[in-house]
Every structure is written in C-alpha cells, then in structure tokens.
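Numbering of the sequence shown is given in my numbering, commencing with residue 904 and proceeding in unit increments.
Heads up, the beta-carbon is just placed ideally off N, CA and C, and yes, glycines get one too.
One structure is given below, encoded as structure tokens.
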Amino acid sequence: MGQRPPLTPDFYHYPEASIATVEISINKDALAVSWSDGTQLSCYYLWLQENDVSNGRVDHATREGLIDPADLDVELTLSSASVDPLGHLLVIWNNADTSRFHSGWLRHIAEGQHQPAAFLPQPSAWTATRLPAPPSHSVDHLFTSYENTAAWTLDLLKYGVTKLTDAPTASGYLKHLAAQIGPVRDSNFGALWDVKSEPAFAGKNDTNSTANTSHRLGPHTDLPTRETPPGFQFLHCLCNEAEGGFSTLCDSLAIIDHLAQAAPDLLEALTTLQWIFFNRGPALDHRWSGPIIDYTPGSIIPTIRAFYPVKAFPNMDDNDIPRAYEALRHFQTLAADPRFQIRFQLEAGDILCFDNRRILHGRDAFNQAQTRHLQGIYIDRDEIYSLARVTQRRATATLINTRN
Ligand SMILES: [Fe+2]
C-alpha cells in the first residue's frame, strides 16, 4: 500500500472523491461505501473481485477482467473494509490479501457515469416550429478541437440531425470524413453508395433502387429489413442542379409524443403489431419482422421501421390488420405534415447527417432532365455514441485517457 492512488480497471483518470465511511454487510458478501454528501454505493464481493487491479484479477495492459465467472472464488469473502489515508477504499479479504479501490472510480459508478446514456444528451423531440432547419456545422472546424467535435455530436444526438457545410465536392469524400468518426456500416448497396439521377438515365429503368429515380420518396428509414438497421446516415451532395428534389426530414419522437396524447390506441398498434420487411434479389434475401415503432431493448430511442417499398406482409392476427393499416396511414400522414416535416434544398458541399433509426427522411420529386448526385454512407449509432462520449469527456477536461 503506497501513497499513490490505486489503479482503476480502465484508462480514465478520476478526480479523487474521499470516501466518508465503509460498512460491511452482516454476511460479509457486500459493503456499502458512503460519501459525506449522502451518496452511497453498494459493492458485492464478487464484483469487487472482478474489478480488483491490485491482485492481478484485471490485466494491467488491457485493463480488462481476467476472471472467468466460473472461477470466481465464493469462499473469498470480505474480512474488513476501511478508508485508506488518501480516502480510497481498502479491503482486507479473509485470506489476508488486501485490495484498494479508487474513490473517484467508485464515485463515478455511484453517480451513474458508467451507464450507456452517460455523457450523451437527452434526445429532444422537434417539430417544424421547434427546428425549422438542421443545426449547421462546418466540416472545416469539425475535428480541429475536442470542443468542436463534442458540439457537433451533441447536436446530432439531441436532434438526431445536423447539416455539415463546406465539404469538398469530390466523389468519395465521405470515406475521408468517416475515417475520423468510426467504421462504416456496409450493406448490399456498398460501403459508399450513390443516389444519382442524370439526364442520360432519363426514361431508363436500370436502377436497383427507387432512390436512383426522380420519383418522390415519402418519409422513410433505410433498411428496416435488418434486425438492426443502420444507425446514422450521411448524405453528401456533390451536385444538385435539379429543380425540386427538396429534402425532407421529420422527427419520429415528436410524432410519438403527439400520438401519445391524441391517439394512444394508434400508438399502441404502431409499437406492437409487426410487419415483415424484406429485400429480395437473385443473390440476397434479407428479412425482419418488427413493429413500425420498435422499442428494441436497451436502446435510448426507438427504431422506426418505415420504408413502404420493402414492407411486405402484415405479421399479426387477421383481426388486427385493419387497425394496423389505420395506424400506419396516420403515422405516414403525420410524417409528411408541415407541422412535423421540414423541407430544404441540399447544395453542393452539404452533408446531411441523421439518425436513420429515429429521423424519417425523404425527398420531393424533381426534374430528371437535370443532374442530382448524392453519395451516402452509414455509420452505426455505437460509433457516434462513442465519439460523443470521448470528445465530451476530453472537451470538459475532467477525464484523460492514458495507458501509463
Ligand atoms: Fe433513404
């Protein structure tokens, strides 16, 4: 036991938070840590073993646990617990081994900073009145400081959408941008895909997607045919000389709020009655069954499954089909209602970023005698959440990632 603070089972630096008292439970399988402001944390003895860096139960190089749960020592119980001179937790086990646990690390758990939602903003449902245009950030400044990256990701997660401006109009630029964000989510449309309509293609029917025509695309989310549809979608405008073709967005969270008040029976149908979605082709057969508003367990916000070209079958009792269609029609009508939907023209050099599982996107029909070329990639929510947490922590300078 030295004068240095104990190592933590991760690479973050935690401000010290001196513990006031420690009390072991009667059967010696848990202890309660308390701070002077009344905050408490209960620590089960096997959980303490798993996170014990002092006695080689956590690898020093990776800071990952080394104990297979099958090998946890249930006979190794707590003998005594106290606060060391630096304010950290000192445990003596019944085999006389000692362990120290960092007060700040324990405190961050007591405060819930270990939860997936920590360091992320609460989503803020928006209507066309609340958010007439996507929050705008210049790509020139996006990665010049942690503060700028944090500000962008916070907007992106709060509203589910941002517009990046001043991007080069070079084909493939999104790959360069993605390299600074996280791994790209690939699909059968390719890691980088084109949404392109040119006069040369007018009248030809050689595309594999409605997106590559000049037709209107109603409010939708991409790839509901997957168990987990792609998280964030990045649409880079390389060229837009077409009349019309306004982009549309609407926030499903605002529609859900509205339905909860105005039509809870329809909301219930949308969240419980399942539809089968599929993409079928000569060499692929993707299918998934889920409700239109899919509250996948553990997710902060629901996954909206809404793309009528690939919605194939009602997967419900026959008696439920009429109300399922009524709810679906109402949902799609609201998604295109000017109260909820914003419309704007993408310009060359713009990159629209949005949560594909939350925000319904679409576009008006346009004149196919003129060129419109977008490129897209997907990056899953996990990557954006991770970037937001890392940059938020670094921007606030409270925690520093170090391997030393
Ligand atoms: Fe789409």
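Q) Does the beta-carbon distance from Thr1065 to His1264 come in below 9 Å? A) Here residue 1065 corresponds to residue number 162 of the sequence shown, with the count starting at 1. Here residue 1264 corresponds to residue number 361 of the sequence shown, with the count starting at 1. In this structure, His1264 does not lie closer than 9 Å to Thr1065 by Cβ.
Q: Find out if the Cβ-Cβ distance for the pair Gly1085, Asp1285 is shorter than 9 Å.
A: Here the question's residue 1085 lines up with position 182 in the sequence shown. Here the question's residue 1285 lines up with position 382 in the sequence shown. Contact: yes.
Q) Which partner residues of Leu1187 appear in the DSSP bridge assignment? A) The sequence position of residue 1187 within the sequence shown is 284, counting from 1. Its beta-bridge partners are Gly1184.
Q: Taking the CB atoms as reference points, tell me whether Leu1152 and Leu1255 lie closer together than 9 Å.
A: By 1-based counting over the sequence shown, the position of residue 1152 is 249. By 1-based counting over the sequence shown, the position of residue 1255 is 352. For Leu1152 and Leu1255, yes; Cβs fall inside 9 Å.
(Q) Considering only the alpha carbon of each residue, which of Gly1134, Arg1010 and Asn1182 lies closest to Asp1258? (A) Position 355 of the sequence shown, counting from 1, holds the residue named residue 1258. Selected option, being the one with the closest Cα: Gly1134.
Q) In angstroms, rounded to a whole number, what distance separates the CA positions of Leu1141 and Ile1280? A) By 1-based counting over the sequence shown, the position of residue 1141 is 238. By 1-based counting over the sequence shown, the position of residue 1280 is 377. Looking at the two C-alpha atoms, the distance is approximately 14 Å.
Q) Can the beta-carbon of Gly968 be found closer than 9 Å to that of Val977? A) Taking the sequence shown and counting its residues from 1, the one referred to as residue 968 is at position 65. Taking the sequence shown and counting its residues from 1, the one referred to as residue 977 is at position 74. Their beta carbons are not under 9 Å apart, which means Gly968 does not touch Val977 by this criterion.
Q) Helix, strand or coil for Asn1304 per DSSP? A) Locating residue 1304 in the sequence shown gives position 401, where the first residue counts as 1. With a pLDDT of 38 at Asn1304, under the threshold of 50, the modelled position of that residue is not reliable, and no figure is offered here.
Q) Alpha carbon to alpha carbon, what distance is there between Asp971 and Arg1261? A) Within the sequence shown, numbered from 1, the residue matching residue 1261 stands at position 358. Within the sequence shown, numbered from 1, the residue matching residue 971 stands at position 68. When rounded, the distance between both Cα atoms is 38 Å.
Q: Compare the C-beta of Arg1261 with all C-beta atoms of chain B and state if any pair is closer than 9 Å.
A: The structure shown contains no chain B; it is built from a single protein chain.
Q. Which parts of the stretch 1014-1057 are runs of the alpha helix (DSSP H), unbroken and 4 residues or longer, counting only runs that do not cross its ends?
A. 1042-1045
**Q.** Proximity to Ala973 [Cα-Cα], best of Glu953, Ser983 and His991
**A.** For the purposes of this step, residue 973 is taken as the residue at position 70 of the sequence shown. Measuring from the Cα of Ala973, the nearest candidate turns out to be Glu953.
**Q.** Cβ-based neighbour list, Asn1222, same chain, cut-off 7 Å, excluding 5 preceding and 5 following
**A.** Mapped onto the sequence shown, residue 1222 falls at position 319. Only residues of its own chain outside the window of five on either side were considered, and among them none has a CB closer than 7 Å to the CB of Asn1222.
Q. Closest by CA to Ala1021, which one among Arg1297, Arg1292 and Ala1298?
A. Here residue 1021 corresponds to residue number 118 of the sequence shown, with the count starting at 1. Checking every option, the nearest Cα to that of Ala1021 belongs to Arg1292.
Q: Pull up the CB-CB distance for Ala1298 and Ala1053, whole angstroms please, since I reckon it's below 8 Å.
A: By 1-based counting over the sequence shown, the position of residue 1298 is 395. By 1-based counting over the sequence shown, the position of residue 1053 is 150. Contact between Ala1298 and Ala1053 is confirmed by a C-beta separation of about 4 Å, below the 8 Å threshold.
Q. Below 8 Å, can you find three or more Cβ-Cβ pairs linking the stretch 1177-1187 to the stretch 1204-1219?
A. yes
**Q.** Buried or exposed by the 16-neighbour rule on C-beta atoms within 10 Å, applied to Leu1237
**A.** Working through the sequence shown from its first residue, we reach residue 1237 at position 334. Buried.
Q.
Between His1139 and ligand 1, is there a pair consisting of the residue's CB and a ligand heavy atom that are separated by less than 8 Å?
A. As a first step, residue 1139 is located in the sequence shown; it is residue number 236 there, counting from the start. Incorrect: His1139 has no Cβ contact closer than 8 Å to ligand 1.
Q: With hydrogens ignored, establish whether the beta-carbon of His1233 is closer than 8 Å to any heavy atom of ligand 1.
A: To locate residue 1233, count along the sequence shown from 1; it is residue 330. No heavy atom of ligand 1 is found nearer than 8 Å to the CB of His1233.
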